[in-house]
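Reminder that position 240 of the sequence shown reads as 1312 in my numbering, one-by-one numbering, no gaps. Where is the CB? At the ideal position from N, CA and C, for every residue including glycine. Worksheet for the structure shown next.
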Amino acid sequence: MPEPWFIIVDNQILNDLKYQDKNKYNVDNRKRYIRSVAVLMLFHFLENYTEIDIAVTMTPCLFYEFNNRNILADKQSFCDLLDACSSLFKKFKVEQFAFLGLDNYKIASRNIKNIVHDEKQIIKVIQKLKKRKMVFDVYQKFSLNNQNNKKSKVELFKPPYLIAFQIAEKQRINLKYFNRDVINRVVACHLEKEVYSDSVNTSLLKTKIKNFRHDTINKTASMTNIKKGELKGIADIELIQYCNISIQFDYELEYTIYPLTFDKKLADIIQETTGFNASMTISGEDSKEDIKTKQKRFTENQKRMDIIEERGKKIFRQLSCFYEDLSPLFIS
């Protein structure tokens, strides 16, 4: 994907580094140290074995969580927090840092206040909808006339998630920071279980539709659970919004935003948005000029995909060299 790469570092990684600073001689929590070594090795590889232009990145939601979910008190506290982030970033031995949506105190403060506002809106909608009875016909039966003018019975299946998403779309959610489509998906994932349990009330029906329930739905709901009046996965929602590779490819951005996380649920959800392809749809309503434009775009996308594939092969060759250099460390 296009460079520079803005690599958003999850707060867990920064907390691991902070833990090390305070507990230099405490090796009880081995996972923290293993994760830290893994991250340091990754950045060492990117900086010293590849020619990729990268920047370690902080975003408003992560900054908000880094500040223990506190609103910025004043300009000085904002500067102090930036310095604290930068000092941790320096451990990665990367030349460039980027602070998206944190250009100055005024912008950062506005973004964080908008995040807090949106969090309240999302919680309010989810809690309101969960009080409703979610009874729907997931199978609609009707008759159609076939070629011989004989009626045949047809069943139209509507997955619980699709019903939940349509409910979410109809809600009036006043968002100031988050993307509406992303939030609709989050709300739908919270409602899908209710739609399923209220509407799918027979064992036969459960058997028929069990393959239509995707693990991602439950993962998204549990990752963004509401606890003590807080939406726990607020920064995860932001990463999903920023790091959709499919959208970044479609919009032909001149940079790429990647997440770096050890959260398996979050990684699985984001991984599902890394696919892209070159496709073309032509209809009878398209003019010759429309078809020509579509063909040109299709060819350009194919070329972009070829370039991405070649870059990927090059990085894997460099990764092989990295592994070779590491191998003496593990020879007993």
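Give me, in chain order, the residues of the same chain whose beta-carbon lies closer than 7 angstroms to that of residue i; leave out the 5 immediate sequence neighbours on both sides.
| i | result |
| --- | --- |
| K1248 | N1186, H1189, D1190 |
| A1339 | T1333 |
| E1119 | K1165, V1166 |
| I1363 | I1354 |
| K1083 | The sequence as given places Asn at residue 1083; Lys does not occur at that position. Closer than 7 angstroms at Cβ, skipping near neighbours: L1134, E1137, F1138, A1307. |
| A1156 | none |
Excluding the 5 residues flanking residue i on each side, which residues of the same chain have their C-beta closer than 8 angstroms to its C-beta?
| i | result |
| --- | --- |
| K1202 | H1262, L1263, E1266 |
| S1271 | M1206, V1207, F1208, D1209, V1210, P1232, I1235 |
| F1394 | F1117, Y1121 |
| C1315 | I1080, I1329, Y1330, P1331, I1342, T1345 |
| D1358 | K1366 |
Under the assumption that residue i contacts residue j (Cβ atoms under 8 angstroms), give the Cβ distance between them as a whole number of angstroms.
| i | j | result |
| --- | --- | --- |
| V1128 | F1150 | Incorrect: roughly 19 angstroms between the Cβ atoms, too far for contact. |
| T1346 | I1317 | 4 angstroms |
| V1259 | I1309 | No, V1259 and I1309 are not in contact; Cβ-Cβ is about 11 angstroms, not under 8 angstroms. |
| Q1212 | K1225 | In fact, because the Cβ distance is near 11 angstroms, the residues do not count as touching under 8 angstroms. |
| Q1193 | N1256 | Not a contact, Cβ separation roughly 12 angstroms. |
| Q1092 | R1104 | 7 angstroms |
| V1197 | Q1243 | 5 angstroms |
| P1144 | A1180 | In the sequence on display, residue 1144 carries Leu and not Pro. Going by Cβ atoms, the distance from L1144 to A1180 rounds to 6 angstroms, so yes, they are a contact pair. |
Which two residues bound the contiguous alpha helix (DSSP H) that contains residue i?
| i | result |
| --- | --- |
| F1117 | 1102–1120 |
Taking the Cβ atom as the reference point for each residue, do residue i and residue j lie within a distance shorter than 9 angstroms?
| i | j | result |
| --- | --- | --- |
| K1304 | N1297 | yes |
| M1073 | I1380 | yes |
| T1017 | I1387 | Within the shown structure, residues of the chain are numbered from 1073 to 1404, placing residue 1017 beyond reach of any answer. |
| I1085 | S1108 | yes |
| K1161 | V1081 | Just to set this straight, residue 1161 is Phe in the shown sequence, not Lys. Their beta carbons are under 9 angstroms apart, which means F1161 touches V1081 by this criterion. |
| R1376 | E1326 | no |
| K1337 | S1399 | no |
Return the chain-ordered list of same chain residues with a C-beta closer than 6 angstroms to the C-beta of residue i, the five sequence neighbours on each side being excluded.
| i | result |
| --- | --- |
| A1307 | C1133, L1134, E1137 |
| D1335 | none |
| Q1313 | N1251, V1254 |
| I1195 | I1298, L1303 |
| K1147 | Y1177 |
| N1183 | P1132, G1173 |
| A1240 | N1256, V1259, A1260 |
| Y1268 | P1232 |
| F1436 | This structure gives no information on residue 1436, because the portion of the chain shown stretches from 1073 to 1404. |
| L1311 | P1331 |
What residue range is occupied by the uninterrupted beta strand (DSSP E) comprising residue i?
| i | result |
| --- | --- |
| I1079 | 1077–1081 |
| K1128 | Note on identity: in this sequence residue 1128 is Val, with Lys being the wrong assignment. It spans 1126–1130 - the beta strand (DSSP E) in which V1128 sits, taken as one unbroken run. |
Just to confirm, does residue i get its C-beta within under 8 angstroms of one of the non-hydrogen atoms of the ligand GDP?
| i | result |
| --- | --- |
| L1234 | Within the structure as shown, the ligand GDP is missing, as the structure has no ligands at all. |
Comparing the C-beta of residue i with each C-beta of chain C, is any distance below 9 angstroms?
| i | result |
| --- | --- |
| Y1327 | As a matter of chain content, chain C is missing from the structure shown, which is built from one protein chain. |
Exercise. Whole beta strand (DSSP E) runs in the region 1201–1257 with 3 or more residues, listed along the chain?
Worked result: 1211–1217, 1223–1229
For this session: Mind listing, in chain order, the continuous beta strand (DSSP E) runs of no fewer than 3 residues lying wholly within the region 1295–1374?
Result: 1328–1332
For this session: May I have a chain-ordered list of the alpha helix (DSSP H) segments no shorter than 4 residues that lie completely inside the region 1132–1212?
Result: 1132–1138, 1147–1161, 1177–1202
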